[in-house]
Each structure stands twice: as C-alpha cells, then as structure tokens.
Amino acid sequence: AQSVAQPEDQVNVAEGNPLTVKCTYSVSGNPYLFWYVQYPNRGLQFLLKYITGDNLVKGSYGFEAEFNKSQTSFHLKKPSALVSDSALYFCAVRDRNRNNNDMRFGAGTRLTVKP
Amino acid sequence: DVKVTQSSRYLVKRTGEKVFLECVQDMDHENMFWYRQDPGLGLRLIYFSYDVKMKEKGDIPEGYSVSREKKERFSLILESASTNQTSMYLCASSPNWVARGYTFGSGTRLTVV
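Protein chains in written order, with our numbering: chain A, 585 to 699; chain B, 770 to 882.
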C-alpha cells in the first residue's frame, strides 16, 4: 500500500529566506505525488503535482517541488518565504499502477514564517 | 471551478446519536472520499466511492458507514457517535483520471459530548 512520511512536524523560517518542507513516499509502483496547503479552518487546497516528465515541478504561489526517484522524495521548496505562507502543508501519493483512485496523505508539516 | 460543499462547518452531537455528514459536488466527479483529520495523524481515509451505490473501506472504517445514492452526494454516517469520533471531517472528490488531484470541501468540525 502507498504511504507518505513528513519527518518534520514544524518548520520555522524567517521571511525572505528559502524554505523546504520534506516528504518521502512509498508505493509498489510508480507514484503520482501532490502537495496541498491548509489554512486555518479551511479544507485543503491543491498546490502542485508530479505526474511524469521534468523532475522539478512548479506550482501555485511560487512553490516548487523536486521529484527524486532514487531517494523516493518529493520535497516542497520556495526561494523566498512570505509570512502569508504560514499554514499546514500535506504531501500525498497515489499509485499510478493501482485501479483505485484513493490517495494517502502525510501527517502534515506546520510552516511558520516569521517577519 | 469545482465546488465541494459540506453541509455543516460545526456540529455538536451527544454520545450515542446517529450523525449524518453530507457532501455534495457539482462537477460530475466519479470518485468521492471521506477523511478525518487529527493533529499529528494527518488525513486518514474512512471510506471512498468510485460510483453510485459503490463504496470501499479506507483505513479506518470502524464506527462509520456511507451512502451514495446519487453521483453528486456522498454521506458519512456515524451509527452511534462516540467521543473518540470528535474530529475534523473532510470530503473530497476527483474524476476518474488517476493523475488528477482531489478537490476538498471546507470541512466539518464535529464535537461529540
């Protein structure tokens, strides 16, 4: 079965500094990978996804993520953090070789960007 | 834009009550999902459905059931609510193309007292 690990519960960065939120995954086949963001008292919003092709994926709000098959990782990055980026971030994986469409999520990483 | 609507943002129910959480999507998606979200545990899949009247158990189905009588509506039922079911419940939908992500509702925060 597919699974996701987000090793950091909390990430703190200063505004203007680069940020990284880590994610590793496990699937029996090839993955589809996703990042979602959740603001307080809201549902999850889609940020970006890796399906195939270029390992560097660009998404909403200046975020990007790099797919690394050998390390089974899909870390989320942004060159210059904003205070408004403070939120809860979830990595998710789907196994493209499975017929079911269910997705598995990590436990989430709370990003705090300080002014 | 696809919209997934959960009927209640906040609910307070008593232990032993039967609770219905409703979810409606307006983009003709085949697949619908119910997750619960708890701090430190992330999102855990309760049930999902890939067609009308079809349902599949997720990772934590105990104490829950679901109903999908129409394509646009997916209901989560707590047969006899317990305090350990206090949580944020998130509904999501997606089309059949596996490469597509999900669209989420805003969530229902359920408190069982």
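Glycine is no exception: its CB is placed at the ideal position from the N, C-alpha and C atoms.
**Message:** Out of A:623, A:599, A:611, A:616, which one is the CA nearest neighbour of residue 694 (chain A)?
**Reply:** It is A:623 whose Cα lies nearest to the Cα of residue 694 (chain A).
**Message:** Rounded to whole angstroms, what is the Cα-Cα separation between residue 635 (chain A) and residue 680 (chain A)?
**Reply:** One Cα belongs to residue 635 (chain A), the other to residue 680 (chain A), and the distance between them is close to 9 Å.
**Prompt:** Mapping DSSP to helix, strand and coil, what is residue 853 (chain B)?
**Reply:** For residue 853 (chain B), the three-state secondary structure derived from DSSP is helix.
**Message:** Taking contact to mean 3 or more Cβ pairs, one atom from each stretch, closer than 8 Å, check whether the region 664 to 677 of chain A and the region 843 to 862 of chain B are in contact.
**Reply:** The region 664 to 677 of chain A is not in contact with the region 843 to 862 of chain B.
**Item:** Three-state class that DSSP yields for residue 634 (chain A) in the structure shown
**Value:** Residue state, collapsed to three classes: strand.
**Asked** Nearest to residue 841 (chain B) by alpha carbon, out of B:813, B:850, B:863, B:856?
**Response** Ranking B:813, B:850, B:863, B:856 by Cα distance to residue 841 (chain B) puts B:863 first.
**Message:** Can you list, in chain order, the residues of its chain with a C-beta nearer than 8 Å to that of residue 852 (chain B)? Leave out the 5 residues immediately preceding and following it.
**Reply:** So the qualifying residues of the chain are 784, 881, 882.
**Message:** Closer than 8 Å is the cut-off here; do at least three beta carbon pairs connect the region 853 to 861 of chain B with the region 796 to 814 of chain B?
**Reply:** Two segments are said to touch when three or more pairs of C-beta atoms, one from each, lie closer than 8 Å; by this definition the region 853 to 861 of chain B touches the region 796 to 814 of chain B.
**Request:** Can you grab the Cα-Cα spacing for the pair residue 667 (chain A) / residue 830 (chain B), in whole Å?
**Result:** Put simply, the backbone Cα of residue 667 (chain A) is about 38 Å away from that of residue 830 (chain B).
**Message:** Just checking: is the beta-carbon of residue 870 (chain B) within a distance shorter than 8 Å of some beta-carbon in chain A?
**Reply:** Closer than 8 Å to some Cβ of chain A, the Cβ of residue 870 (chain B) qualifies, so yes.
**Message:** Whether or not the region 871 to 878 of chain B and the region 772 to 779 of chain B are in contact is what I'm after, with contact meaning three or more pairs of Cβ atoms, one per stretch, closer than 8 Å; do they touch?
**Reply:** Yes: at least three Cβ pairs fall under 8 Å.
**Separation of residue 828 (chain B) from residue 849 (chain B), as counted between CA atoms** = The straight-line gap from Cα to Cα measures roughly 19 Å.
**Item:** For residue 651 (chain A), the nearest candidate out of A:591, A:665, A:633, A:662 (CA to CA)
**Value:** Comparing alpha-carbon positions, the option among A:591, A:665, A:633, A:662 lying closest to residue 651 (chain A) turns out to be A:633.
**Item:** Range covered by the beta strand (DSSP E) that runs through residue 804 (chain B)
**Value:** Boundaries of the beta strand (DSSP E) harbouring residue 804 (chain B): 800 to 807, taken from the DSSP string.
**Message:** Short of 7 Å in beta carbon distance, which residues of its chain neighbour residue 789 (chain B), apart from the five on each side in sequence? Order them along the chain.
**Reply:** Excluding sequence neighbours, residue 789 (chain B) sits near 844, 846.
**Request:** Return helix, strand or coil for residue 811 (chain B), following the three-state DSSP convention.
**Result:** The answer is strand: DSSP assigns residue 811 (chain B) an E or B state.
**Prompt:** Fully enclosed by the region 595 to 655 of chain A, which beta strand (DSSP E) runs are 3 residues long or longer?
**Reply:** 603 to 605, 608 to 610, 615 to 622, 628 to 634, 640 to 642, 648 to 652, all fully within the region 595 to 655 of chain A.
**Message:** Using 8 Å as the threshold, is the C-beta distance between residue 662 (chain A) and residue 596 (chain A) below it?
**Reply:** Taking the C-beta atoms as reference points, residue 596 (chain A) is found no nearer than 8 Å to residue 662 (chain A).
**Request:** Note down, in chain order, each residue of its chain lying with its Cβ closer than 6 Å to the Cβ of residue 865 (chain B), except the 5 sequence neighbours on either side.
**Result:** Here the set comprises 799.
**Request:** Return the CA-CA distance between residue 869 (chain B) and residue 599 (chain A), expressed in angstroms with no decimal places.
**Result:** Rounded to whole angstroms, residue 869 (chain B) to residue 599 (chain A) spans 32 Å at the Cα level.
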